[in-house]
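**Student:**
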Amino acid sequence: ADRYGTIDFGVFRRELTAARDLLGAEDATQLEADLRTRSLTLAANQLVPLPRLRLENLVATASALGNERYTDASWKAFTTALTAAKTAVADEAATDRTLTERYAALDRAGSALTTKRRTVPAAPGAVSTAPSGTSVRVTWSAPADDGGSPVTGYEITLSGGHQVEIAHPDSRSTVFTRLTDGTSYTARVRAVNALGDSPWSARTQPAVTGDNRPQAPTVTGVVTDGERVRVNWRPAGDGGFPVVGYTVALDDGTTAHVSGTTSTALLTAAGGAKAHTATVTAVTRAGSSDGPGATVSTTPATSTTSATSATDPAEYEPSPFPDDTLDATYASDAWPETGDGSDWFTHLLSGFDDLGPATLGANSEVPAGTPLGAENDRITVSVNNAATQKQVDRAEVDASNSATVTMADGLGSRLGPLYGEALKEGRLPKTSALFSRVNENLDTHDAAKNHYQYLRPYVRLGFAGDGGAVYESQDSSYSGLAGQGSYPSGHTYGGYEAGTILATLLPDLAPSILARASEYGDNRIVLGFHYPLDVMGGRITAQATVAHRWADPEFAELLGQAHTEIENVLLARCEEKGYGDTLTACAGDPYAGLSTAQQVDRYTQRLTYGFSRTGEAGQALDAPSDASALLITAFPDLTAEQRTQVLEQTATDSGYPLDLTGSGGPGWQRINLAAAMAADVAVNADGSVTVTNFPDATEASVAEAAAVTVGGVALDGFDPDVSTYVVDWPRNRRIPAVGAVTAASGARVKVTSGSSTVSSSQRGFSTRTLTVTSADGEFTRTYTVGFRPVEQHPHRPGALRDTGGGGTAGGSGGGGDVGGGLWSPAREWERTVN
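So the sequence shown is numbered by this note's numbering: it starts at 290 and just counts up by one.
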């Protein structure tokens, strides 16, 4: 027993005892013997000698080290010991003695690693300049070697006597603005650590100020819906002059001129093309952008709908699909190709690969009594240990029965039983057939399970009865699933697939149905079979599957017929019972006694399970191409683009585990289908839509400026990714008010004198710090504006002017600039630059 882990050996001993008891039983059946043999074999296969486990863990830790900071001699000895240890781990016949010796040798070599002498960092790399009007942006990368002491900041110089110091190790760019027209500038950068300054980088190629034409906008989307074409774009640099308008042109010659404050336009195409490309040109007083924005070609928007029959539901007679309809081949019977050659589900779930140890524990068994460090483990144990007997009982029912049956209570206390009866009596033949046909011919979760092979909670963390952390249900058989991968959850996939199909067929009841589907997935954690990440992955893949079918016009026609069938059959039953003539009136007491808002809240909580963010918040959702099709029945009168806007405005924020926003992958983790299907939508004059009953979670966490202003005029060369700006300001002139336009509505701006990170050795250099706080108050971003005193020099028309301290930056000053968000300079400063 001392050779193995406490939990593993406890499980093995329990299975061995049960097998011996069965062996002595005279009435044992062959089936019982087979099952017990399998359970004992699985338990035996889980036994791994402690010397091997310890060496495997040490090898994993040692393999993560790099040689940048260690002496050559100590690193050579370390790699020799690591190679020998890896060889022993790979040798299944290695003895405990050999494994122990290799562990000791590697441990000694690791302890003997000697760090190199600390020194100043190397020079920063990739230093470059980019002019825009009267500004020059300087960018750089971190030095390849920090000298053994962390970089604490950077010093940047621009020819002509410009210099600024930024005491922030993550700074990578700064903008010098209000420079002299037609002047050539070069820059260099050096890094700073506790031991001193690095060598200067080489001087950059010259950058010449004075080209005041705007840069070409980037077209981000073109969506065609019949004659209407929606074009979206992202503005670029304005060359120092405010953009007064944009010219939007389609490939068929259709042209529109729109305001300089917008980034979208709705055009009516002249021809009947199913798809278009578009170009966008920015216009300022200094001219137009050099070339049109990048063109984008898109496929037409789909707007397939199948309305419920207008006839009396009592007259509707359900009939099954013909066999050749179900047996036919559909475009959606195959998944799209992936760029990396992986299967589609593994591609959708690839965010799992990016999770660190704070979120995802190592894929190995955890010794009994070890504190749980990974959130995935802690949430699992919390849900499992806190479950009541009632929850466990419901979880067992879900585990042992079809989700299409057990989730009937998601329709309400009266409608749920009517649905169950209709399903059992064969009155929903089309609906029943599609529950099976939706995932037929498609690869689903099995390939992803086999790819990740992550151990299940009760295998990694052990049962509480054996000294582990997971409570075991007496009614469940765990041994049969012990050898299967945990991520993603197959049961959850089935529950969310059925729930999402049902929600799209009965959109008036979608929040209740989806809340029940979320319970179905949560029950896998209650029983200890799965982690929350497994459940989240099951939801992602299930809803991607259903959307894939709805986005296929031919298959969507089948779903539309099932939509007609289930609504008519259930309405007829409701009227027979005297429950009312609408499904919502007929439903009865809601699922779990929850209001619609509470159903959406419960569903929303299980989208992220309270995980900490692992990525950046506030990133716009790039909705998966198929996702809007899930809203066809809920919003039959909206276009595909408008439905996508509903999904974007109801989505969860970015940055949670499994979110692929940061890598540009499909954003299924963020789709909040319950909120989207319950949304109240207003259609605006320009054809865009606004969700009025749910806040935009993404926008609420954006803490960025869309512009920084000095004296009420937007700074030339502003870039949201740049936090530091140095302004050439006339000597002996008062410093004007500084402000900002926020990128998202509801964000707040505070302006204070001075800076804790930006300074200069030049006499009279002064700074202002702008702090932008997101609408939800959770995130902040700071921008620093430094004023460098110079002799007054001429600028092009429209340059910054001294406002004499009397100008204001929007807000209380009224109408200085146009933009989303609040203007809030703390005050205007009366001091002068000397």
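Virtual Cβ for every residue (Gly too), placed ideally from N, Cα, C.
Going by CA-CA distance only, name the one from 646, 1012, 636 and 623 that's closest to residue 458.
**Tutor:** Along the sequence shown, one-based indexing puts residue 458 at 169. Cα-wise, what sits closest to residue 458 is 1012.
**Student:** Taking DSSP's pairing of strands, which residues face residue 813 in a bridge?
**Tutor:** The residue you call residue 813 lines up with position 524 of the sequence shown. Looking at the DSSP assignment, residue 813 forms no beta bridge with any residue, so it has no partner.
**Student:** Out of 963, 415 and 981, which one is the CA nearest neighbour of residue 971?
**Tutor:** Sequence index remark: in the sequence shown, residue 971 carries index 682 (1-based). Measuring from the Cα of residue 971, the nearest candidate turns out to be 981.
**Student:** Tell me whether residue 739 sits in a helix, a strand or coil according to DSSP, three-state version.
**Tutor:** Translated into positions along the sequence shown, residue 739 becomes position 450. Three-state result, residue 739: helix.
**Student:** Closest to residue 637 by CA distance: which of 891, 761, 741 and 1007 is it?
**Tutor:** For the purposes of this step, residue 637 is identified with residue 348 of the sequence shown, where counting begins at 1. Of the candidates 891, 761, 741 and 1007, the one whose C-alpha sits nearest the C-alpha of residue 637 is 741.
**Student:** Which of helix, strand or coil does DSSP assign to residue 407?
**Tutor:** Indexing the sequence shown from 1 puts residue 407 at position 118. In this structure, residue 407 counts as coil in the three-state DSSP scheme.
**Student:** Going by the beta-carbon positions, is the gap between residue 687 and residue 695 smaller than 8 Å?
**Tutor:** Residue 687 sits at position 398 when you count from the first residue of the sequence shown. Residue 695 sits at position 406 when you count from the first residue of the sequence shown. Yes, the Cβ-Cβ distance between residue 687 and residue 695 is below 8 Å.
**Student:** Just to confirm, are residue 412 and residue 460 a CB contact at a threshold of 8 Å?
**Tutor:** Here residue 412 is taken as the residue at index 123 of the sequence shown, counted from 1. Here residue 460 is taken as the residue at index 171 of the sequence shown, counted from 1. No. Outside cutoff.
**Student:** For residue 822 versus residue 767, is the C-beta distance shorter than 8 Å?
**Tutor:** Position 533 of the sequence shown, counted from the first residue, corresponds to residue 822. Position 478 of the sequence shown, counted from the first residue, corresponds to residue 767. No, Cβ-Cβ distance for residue 822 and residue 767 is not below 8 Å.
**Student:** Can you tell me which of the three DSSP states residue 444 falls into?
**Tutor:** As a position in the sequence shown, residue 444 is number 155, starting the count at 1. Residue 444: strand per DSSP, three-state reduction.
**Student:** Rounded to whole angstroms, what is the Cα-Cα separation between residue 333 and residue 326?
**Tutor:** On the sequence shown, position 44 is the one that residue 333 refers to. On the sequence shown, position 37 is the one that residue 326 refers to. Each residue's alpha carbon lies about 10 Å from the other.
**Student:** Near residue 991, which residues of its chain fall below 7 Å by C-beta distance, leaving aside the five closest residues on each side in sequence?
**Tutor:** Here residue 991 refers to the residue found at position 702 when the sequence shown is read from its first residue. Once the five neighbours on either side are set aside, the close Cβ partners of residue 991 are 907, 1032, 1033, 1036 and 1063.
**Student:** Note down, in chain order, each residue of its chain lying with its Cβ closer than 6 Å to the Cβ of residue 661, except the 5 sequence neighbours on either side.
**Tutor:** Position 372 of the sequence shown holds residue 661. So the list reads 667, once near-sequence residues are dropped.
**Student:** Report the CB separation of residue 436 from residue 484 in whole angstroms; it is logged as a contact under 8 Å.
**Tutor:** Residue numbering aside, residue 436 sits at position 147 when the sequence shown is read from its first letter. Residue numbering aside, residue 484 sits at position 195 when the sequence shown is read from its first letter. Residue 436 to residue 484, Cβ: 6 Å. Contact.
**Student:** Check residue 998 in the structure and name its three-state DSSP category.
**Tutor:** Looking up residue 998 in the sequence shown gives position 709. In this structure, residue 998 counts as strand in the three-state DSSP scheme.
**Student:** Is residue 1017 helix, strand or coil when you go by DSSP?
**Tutor:** Numbered from 1 along the sequence shown, position 728 holds the residue referred to as residue 1017. In the structure shown, residue 1017 sits in a strand (DSSP, three-state: E or B).
**Student:** Within a Cβ cutoff of 6 Å, which residues of the same chain sit near residue 933, ignoring the five residues on either side of it in sequence?
**Tutor:** One-based indexing of the sequence shown puts residue 933 at position 644. For residue 933, where only same-chain residues beyond five positions count, the Cβ hits under 6 Å are 912 and 917.
**Student:** Which residue marks the beginning of the beta strand (DSSP E) containing residue 754, and which one marks its end?
**Tutor:** Here residue 754 corresponds to residue number 465 of the sequence shown, with the count starting at 1. Premise fails: residue 754 is in no beta strand (DSSP E) and is neither H nor E.
**Student:** Which first and last residues belong to the alpha helix (DSSP H) in which residue 364 is found?
**Tutor:** Here residue 364 refers to the residue found at position 75 when the sequence shown is read from its first residue. Residue 364 -> alpha helix (DSSP H) spans 361 to 379.
**Student:** So residue 523 is in the beta strand (DSSP E); what residue range does that whole segment cover?
**Tutor:** Taking the sequence shown and counting its residues from 1, one reaches residue 523 at position 234. Taken as a continuous stretch (DSSP letters only), the beta strand (DSSP E) holding residue 523 covers 517 to 523.
**Student:** How many angstroms separate the CA atom of residue 782 from the CA atom of residue 381?
**Tutor:** Numbered from its first residue, the sequence shown carries residue 782 at position 493. Numbered from its first residue, the sequence shown carries residue 381 at position 92. Distance between the alpha carbons of residue 782 and residue 381 is about 36 Å.
**Student:** Identify which residue in 622, 816 and 422 has its Cα closest to the Cα of residue 685.
**Tutor:** On the sequence shown, position 396 is the one that residue 685 refers to. Ranking 622, 816 and 422 by Cα distance to residue 685 puts 816 first.
**Student:** Taking the alpha-carbon of residue 1030 as reference, which of 1039, 634, 804 and 414 has the nearest alpha-carbon?
**Tutor:** Residue mapping note: residue 1030 aligns to position 741 of the sequence shown, counting from 1. If we check each option's Cα against that of residue 1030, 1039 comes out closest.
**Student:** Nearest by alpha-carbon distance to residue 549: which of 525, 824 and 556 is it?
**Tutor:** Within the sequence shown, residue 549 is the residue found at index 260, counting from 1. Residue 525 is the option with its Cα nearest to residue 549.
**Student:** By alpha-carbon positions, which one of 1048, 624, 1074 and 469 ends up nearest to residue 497?
**Tutor:** Counted from its first residue, the sequence shown places residue 497 at position 208. The shortest Cα separation from residue 497 among 1048, 624, 1074 and 469 belongs to 469.
**Student:** Helix, strand or coil for residue 356 per DSSP?
**Tutor:** On the sequence shown, position 67 is the one that residue 356 refers to. Residue 356 falls in the coil class under three-state DSSP.
**Student:** Based on the DSSP output, what are the partners of residue 538 in its beta bridges?
**Tutor:** By 1-based counting over the sequence shown, the position of residue 538 is 249. Answer is 544 and 568.
**Student:** Name the residue from 480, 801, 608 and 521 whose alpha carbon lies nearest to the alpha carbon of residue 428.
**Tutor:** Mapped onto the sequence shown, residue 428 falls at position 139. Comparing Cα-Cα distances from residue 428 to each of 480, 801, 608 and 521, the minimum goes to 480.
**Student:** Would you check if the distance between the CB atom of residue 804 and the CB atom of residue 883 is smaller than 8 Å?
**Tutor:** Along the sequence shown, one-based indexing puts residue 804 at 515. Along the sequence shown, one-based indexing puts residue 883 at 594. Result yes, Cβ atoms of residue 804 and residue 883 sit closer than 8 Å.
**Student:** What is the DSSP secondary structure of residue 673, reduced to helix, strand or coil?
**Tutor:** Taking the first residue of the sequence shown as 1, we reach residue 673 at position 384. If DSSP states are grouped into helix, strand and coil, residue 673 belongs with the helices.
**Student:** Does the pairing of the stretch 923 to 940 with the stretch 841 to 858 give three or more beta-carbon distances under 8 Å?
**Tutor:** The answer is no - the stretch 841 to 858 does not touch the stretch 923 to 940, with fewer than three Cβ pairs under 8 Å.
**Student:** Given a cut-off of 8 Å on the beta-carbon distance, is the pair residue 723 and residue 693 in contact?
**Tutor:** Your numbering for residue 723 matches position 434 in the sequence shown. Your numbering for residue 693 matches position 404 in the sequence shown. Contact flag unset, no.
**Student:** Closest to residue 443 by C-alpha separation, out of 466, 477, 419 and 425, would be which residue?
**Tutor:** The residue given as residue 443 occupies position 154 in the sequence shown. Answer by Cα proximity: 477.
**Student:** Tell me, which residues are paired with residue 454 by DSSP?
**Tutor:** Position 165 of the sequence shown holds residue 454. Its beta-bridge partners are 444 and 1048.
**Student:** Residue 467: buried (16+ other C-beta within 10 angstroms of its C-beta) or exposed?
**Tutor:** To locate residue 467, count along the sequence shown from 1; it is residue 178. Buried: at least 16 other Cβ atoms inside 10 Å.
**Student:** Take residue 1075 as the anchor and find which of 876, 1024, 1003 and 807 has the nearest alpha-carbon.
**Tutor:** Against the sequence shown, residue 1075 aligns to sequence position 786. Ranking the options by Cα distance to residue 1075, first place goes to 1024.
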